[in-house]
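Enquirer: Just remember that the numbering used here sits 102 ahead of the position in the sequence shown, which is counted from 1.
The beta carbon of each residue, even a glycine, is placed where N, CA and C say it ideally should be.
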Amino acid sequence: MTGGGDLLAGKVVMVTGASSGIGAAAARVGARHGAALVLMARRLPRLEELAAQLRGEGAEVVCAAGDVTSPDDVKRAVGLAVDRYGRLDAAFNNAGTTTEPALLHETDDADYDTVLDVNLRGVWLCMKHQIKAMLAGGAGGAIVNNSSIAGVRATSAGAPYVAAKHAVLGLTKAAAAQYAARGVRVNALATGLTRSEMSEAVFARDPAAEERMRRRNPQGRVADPEEVARVAVWLCSDQASFVTGATMAVDGGAGAW
Ligand SMILES: NC(=O)c1ccc[n+]([C@@H]2O[C@H](COP(=O)([O-])OP(=O)(O)OC[C@H]3O[C@@H](n4cnc5c(N)ncnc54)[C@H](O)[C@@H]3O)[C@@H](O)[C@H]2O)c1
103 MTGGGDLLAG KVVMVTGASS GIGAAAARVG ARHGAALVLM ARRLPRLEEL
153 AAQLRGEGAE VVCAAGDVTS PDDVKRAVGL AVDRYGRLDA AFNNAGTTTE
203 PALLHETDDA DYDTVLDVNL RGVWLCMKHQ IKAMLAGGAG GAIVNNSSIA
253 GVRATSAGAP YVAAKHAVLG LTKAAAAQYA ARGVRVNALA TGLTRSEMSE
303 AVFARDPAAE ERMRRRNPQG RVADPEEVAR VAVWLCSDQA SFVTGATMAV
353 DGGAGAW
């Protein structure tokens, strides 16, 4: 499924953190599968560049500059989907961040705040406004939240990141239970090591980390962002109609080892 398809034909899909990595890959895969896209990120020039590329390939794309920790920015992005396309069918809440990992007792409170704000509050705010729009549309919807293998066990990413990603799974399950009867599905990805700005920053800080992490992975490699994006696209599609409240491992087997 590296090419196109019609998994998201006729669907309006919002992607956060779409200017790079897994989010940009989700925009590319979603466009190939026929989605009309609302891309949200803080770096508008990069987002516009990606949007222009996708439009050149025939996709419908609008860009919303914004920070997922800002209720106004999130509201505006969801509003853009409704104003431009009439509704919101699906969302991939992917924006996330890390700070330099440290032992818990040596972690700055400011780092804790940043990591919890973006990774948890951001997903909370996005879901809140997306679900409102989906309920108003009357046709249900599908949400996929990008957690991490750090959402199911402790990793070297630092306690605030591990806590935030665990909490994303809690939000996912609570929302899945609350809205299943109204046709809104909510799932999460337990994403493993993936090549992106985030992982490149880790490798730059600690050059031996890549080899160490590869050795801990049954497939012995780092994922391409599209390998994660394809799973998000499938979960957003009607093919996943009986899947909700699930945590889908996309980790090359790391969680099984
Ligand atoms: N790369 C990995 O190995 C890995 C593993 C597990 C989970 N993840 C998760 O995948 C998601 C995507 O990360 P990635 O690996 O593609 O890295 P990335 O750094 O390329 O992408 C993260 C994106 O989120 C955006 N972002 C950060 N803070 C934001 C904010 N406040 N508002 C809006 N956008 C914001 C960034 O600008 C960027 O576009 C993150 O949630 C990350 O935690 C990544």
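For ligand 1, I want to know if Val170 counts as a neighbour, meaning its beta carbon is within less than 7 Å of at least one of the ligand's heavy atoms.
Expert: Taking the sequence shown and counting its residues from 1, one reaches residue 170 at position 68. Remark: the shortest separation between the CB of Val170 and any heavy atom of ligand 1 falls under 7 Å.
Enquirer: For His135, count neighbouring Cβ atoms within 10 angstroms of its own Cβ and tell me buried if that reaches 16, exposed if not.
Expert: On the sequence shown, residue 135 is found 33 positions in, with the first residue counted as 1. Counting Cβ neighbours within 10 Å, His135 comes out buried, since at least 16 surround it.
Enquirer: Taking contact to mean 3 or more Cβ pairs, one atom from each stretch, closer than 8 Å, check whether the region 312-324 and the region 220-232 are in contact.
Expert: no
Enquirer: Within the present structure, is the beta-carbon of Ser343 separated from the nearest heavy atom of ligand 1 by less than 7 Å?
Expert: Taking the first residue of the sequence shown as 1, we reach residue 343 at position 241. The beta carbon of Ser343 sits no closer than 7 Å to any heavy atom of ligand 1.
Enquirer: Should the region 171-182 be called in touch with the region 148-159, which here means at least 3 C-beta pairs below 8 Å?
Expert: No contact exists between the region 171-182 and the region 148-159.
Enquirer: For Thr216, name the three-state secondary structure that DSSP assigns.
Expert: In the sequence shown, counting from the first residue as 1, residue 216 sits at position 114. Three-state DSSP puts Thr216 in a helix.
Enquirer: Opposite Thr346 in the DSSP bridges: which residues?
Expert: The residue given as residue 346 occupies position 244 in the sequence shown. Bridge partners of Thr346: none, in fact.
Enquirer: Return yes when the Cβ of Ala129 is within less than 8 Å of the Cβ of Gly117, no when it is not.
Expert: If you number the sequence shown from 1, residue 117 lands on position 15. If you number the sequence shown from 1, residue 129 lands on position 27. It is Val, not Gly, that sits at residue 117 in the sequence shown. With contacts defined by Cβ atoms closer than 8 Å, Val117 and Ala129 form a contacting pair.
Enquirer: Tell me the rounded alpha-carbon separation between Gly347 and Val225.
Expert: Here residue 347 refers to the residue found at position 245 when the sequence shown is read from its first residue. Here residue 225 refers to the residue found at position 123 when the sequence shown is read from its first residue. C-alpha separation (whole angstroms): 15 Å.
Enquirer: Quick check: the Cα distance between Ala303 and Gly240, rounded to an integer number of angstroms?
Expert: Here residue 303 refers to the residue found at position 201 when the sequence shown is read from its first residue. Here residue 240 refers to the residue found at position 138 when the sequence shown is read from its first residue. Going by the C-alpha atoms only, they are around 42 Å apart.
Enquirer: Rounded to a whole number of angstroms, what is the C-alpha to C-alpha distance between Thr274 and Gly260?
Expert: Your numbering for residue 274 matches position 172 in the sequence shown. Your numbering for residue 260 matches position 158 in the sequence shown. About 22 Å.
Enquirer: Return yes when the C-beta of Gly181 is under 7 Å from any heavy atom of ligand 1, and no when it is not.
Expert: Here the question's residue 181 lines up with position 79 in the sequence shown. No, Cβ of Gly181 sits at least 7 Å from all heavy atoms of ligand 1.
Enquirer: What do you reckon, is the C-beta of Thr209 under 7 Å from a heavy atom of ligand 1?
Expert: One-based indexing of the sequence shown puts residue 209 at position 107. Checking the Cβ of Thr209 against ligand 1 gives no.
Enquirer: Under 6 Å Cβ to Cβ from Ala325, same chain only, skipping five residues before and after it: list those, please.
Expert: Locating residue 325 in the sequence shown gives position 223, where the first residue counts as 1. Excluding sequence neighbours, Ala325 sits near Thr296.
Enquirer: In its own chain, which residues sit with a C-beta less than 8 Å from the C-beta of Met350, not counting the 5 before and 5 after it?
Expert: Taking the sequence shown and counting its residues from 1, the one referred to as residue 350 is at position 248. Around Met350: Asn289, Ala290, Leu291, Ala292, Val333 and Leu337.
Enquirer: Report back the beta-carbon spacing between Gly168 and Arg186 to the nearest angstrom; my notes put them in contact at under 8 Å.
Expert: If you number the sequence shown from 1, residue 168 lands on position 66. If you number the sequence shown from 1, residue 186 lands on position 84. Not a contact, Cβ separation roughly 15 Å.
Enquirer: Taking the alpha-carbon of Leu190 as reference, which of Val345, Pro309 and Val140 has the nearest alpha-carbon?
Expert: Within the sequence shown, residue 190 is the residue found at index 88, counting from 1. Out of Val345, Pro309 and Val140, Val140 has the C-alpha closest to the C-alpha of Leu190.
Enquirer: Less than 7 Å separating the Cβ of Gly198 from some heavy atom of ligand 1?
Expert: Here the question's residue 198 lines up with position 96 in the sequence shown. Gly198: yes, Cβ under 7 Å from ligand 1.
Enquirer: I'd like to confirm something about Val220: is its beta-carbon nearer than 7 Å to some heavy atom of ligand 1, or not?
Expert: For this step, residue 220 is matched to residue 118 along the sequence shown. Val220: yes, Cβ under 7 Å from ligand 1.
Enquirer: Check whether the Cβ atoms of Val345 and Arg307 sit closer than 8 Å, and answer yes or no.
Expert: Position 243 of the sequence shown, counted from the first residue, corresponds to residue 345. Position 205 of the sequence shown, counted from the first residue, corresponds to residue 307. No, Cβ-Cβ distance for Val345 and Arg307 is not below 8 Å.
Enquirer: Where Met103 and Asp211 are concerned, what is the direct C-alpha to C-alpha distance, given to the nearest angstrom?
Expert: For the purposes of this step, residue 103 is identified with residue 1 of the sequence shown, where counting begins at 1. For the purposes of this step, residue 211 is identified with residue 109 of the sequence shown, where counting begins at 1. Only weak support exists for where Met103 lies, its pLDDT of 39 falling under 50; the coordinates are left without a value.
Enquirer: Check the DSSP bridge columns for Thr296 and list the partner residues they point to.
Expert: For the purposes of this step, residue 296 is taken as residue 194 along the sequence shown, with counting starting at 1. Paired residue(s): Ala325.
Enquirer: Which of the three DSSP states, helix, strand or coil, is assigned to Thr171?
Expert: Against the sequence shown, residue 171 aligns to sequence position 69. DSSP places Thr171 in coil when its eight states are reduced to three.
Enquirer: Could you check the C-alpha separation between Gly119 and Met142 for me, to the nearest Å?
Expert: Start at 1 with the first residue of the sequence shown, and residue 119 comes out as number 17. Start at 1 with the first residue of the sequence shown, and residue 142 comes out as number 40. Gly119 and Met142: Cα-Cα distance of roughly 6 Å.
Enquirer: Alpha carbon to alpha carbon, how far is Val330 from Leu109? Give it in angstroms, no decimals.
Expert: As a first step, residue 109 must be located in the sequence shown, where it is residue number 7. As a first step, residue 330 must be located in the sequence shown, where it is residue number 228. Cα to Cα, Leu109 sits roughly 16 Å from Val330.
Enquirer: Nearest by alpha-carbon distance to Ala183: which of Val335, Ala137 and Gly253 is it?
Expert: Start at 1 with the first residue of the sequence shown, and residue 183 comes out as number 81. Of the candidates Val335, Ala137 and Gly253, the one whose C-alpha sits nearest the C-alpha of Ala183 is Ala137.
Enquirer: Quick check on Arg318: does DSSP put it in helix, strand or coil?
Expert: Numbered from 1 along the sequence shown, position 216 holds the residue referred to as residue 318. Looking at Arg318 - three-state DSSP - the assignment turns out to be coil, as it is neither helix nor strand.
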